[in-house]
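Number of protein chains: 2
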Amino acid sequence: MKNKKNELTKNQKIVLDFIQKSNKPVKAYSILSNVSKKGLKAPPQVYRALEKLIEVGEVHKIESLNSFVACNSKCIEPNGTIFSICKSCDQTTEVSNADLAKFLSDFKDMNGTQFSGFNLELFGTCKSCKA
Amino acid sequence: MKNKKNELTKNQKIVLDFIQKSNKPVKAYSILSNVSKKGLKAPPQVYRALEKLIEVGEVHKIESLNSFVACNSKCIEPNGTIFSICKSCDQTTEVSNADLAKFLSDFKDMNGTQFSGFNLELFGTCKSCKA
DNA sequence: AAATATTTCGTTATATTATAACACTACCTT
DNA sequence: AAGGTAGTGTTATAATATAACGAAATATTT
Ligand SMILES: [Zn+2]
Ligand SMILES: [Zn+2]
Ligand SMILES: [Zn+2]
Ligand SMILES: [Zn+2]
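Protein sequences appear in the order of chains A and B. For the record, in the first sequence the residue sitting at position 131 is 131 according to this note's numbering, with numbers rising by one throughout. In this note's numbering, each number is its position in the second sequence, counted from 1, plus 1000.
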């Protein structure tokens, strides 16, 4: 047994709170400077919180942006993530499409072996950038 | 008209050559140290070559590894990439599966708008790591 | 409750990845 | 030859991420 009280710690909550309030993916050092008044003063404190938050599924990393977003809690597949990213403003939303998620989860390689996880990043232009 | 002689430059060829000879994704600074005897001595020289090689489609960046691979020249979709990545050794192969590529290219968002590009990274365990 | 193990914390230093800026060169186009 | 574009070499620095270590907090066992 690992952690009877399965709650986030203070630092983890502070970081998650900031990410959830952001409407775009946020960078680690942006998190750091924005929560420094709450006591987090060095990169490891932020990166450690992020690591945990990602582990428990509250946060995802947007690899192509080196940035972090809160899970919209519509993750369909536990080990797969799908994002829609605006090429012009980086606005990012988690895509929940059952067909797509199923297609990806069920996908097998040449040998018929299934994958254990996936990350799909779809690039386009968001509504406000089109206008 | 851009470039009548549509060839790669010396530096670009050196970098591409090294990437093609590698059997795994390679990191920029690993490229740098490996081609330094051929005259490339500073990061910008490598990153500029990479930028061009990516632009012309000879090289892809593996975002989750901050590494680079040569295109296996089986890119089905011009603006979409699909990779299979071993979680344990980082061995990476470009996946060419017409059904999957078509599914992703045709995928539309809630508003029915098509995306202009995508990158899919599939995670699993490679043959040799399973053994 | 006390002892032990585990996890988190704060901190300093450093590693890794990537780009800005600038003067200069090579080549293509007219 | 003149002008434009792309590439080069170089120095410096920005941006992203982790190693290491001892102290503090929390959980588990005795
Ligand atoms: Zn999610
Ligand atoms: Zn946008
Ligand atoms: Zn390719
Ligand atoms: Zn492997």
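Idealized CB from N, CA, C, for every residue including glycine.
Looking at residue i: is its Cβ nearer than 7 Å to the Cβ of residue j?
i	j	result
B:T1092	B:I1054	no
B:E1094	B:F1103	no
A:S64	A:E121	yes
B:A1070	B:Q1012	no
Identify, in the order they occur along the chain, each residue of the same chain with its Cβ nearer than 8 Å to the Cβ of residue i, setting aside the five sequence neighbours on each side.
i	result
A:V35	I14, V15, F18 and V46
B:K1087	F1123, G1124 and T1125
B:K1081	The sequence shown places Thr at residue 1081 of chain B, rather than the Lys named in the question. Answer for B:T1081: H1060, C1075, E1094, F1118, N1119 and L1120, listed in chain order.
A:R48	N11
Can you find a CB in chain A that lies within less than 7 Å of the CB of residue i?
i	result
B:G1112	no
B:G1117	yes
B:E1063	yes
B:L1122	yes
So for residue i, helix, strand or coil by DSSP?
i	result
B:L1120	strand
B:I1076	coil
B:K1127	helix
A:Q114	strand
A:S33	helix
B:E1094	strand
B:K1061	strand
B:K1108	strand
B:A1042	coil
Using 10 angstroms around the beta-carbon of residue i, count the other beta-carbons present and answer buried if the total reaches 16, otherwise exposed.
i	result
B:S1067	buried
B:G1039	exposed
A:C126	buried
B:S1116	exposed
A:N119	buried
B:V1059	buried
B:A1131	exposed
B:A1101	buried
A:P44	exposed
A:P78	exposed
Any C-beta of chain B sitting closer than 7 Å to the C-beta of residue i?
i	result
A:L53	no
A:F103	yes
Once you ignore the five residues that flank residue i on each side, which residues in its own chain have a CB closer than 7 Å to its CB?
i	result
B:C1089	C1126 and C1129
A:K27	N66 and S67
Using a Cβ-Cβ cutoff of less than 6 Å, which residues in the same chain neighbour residue i once the five nearest sequence positions on both sides are dropped?
i	result
A:K52	Q12
B:M1110	none
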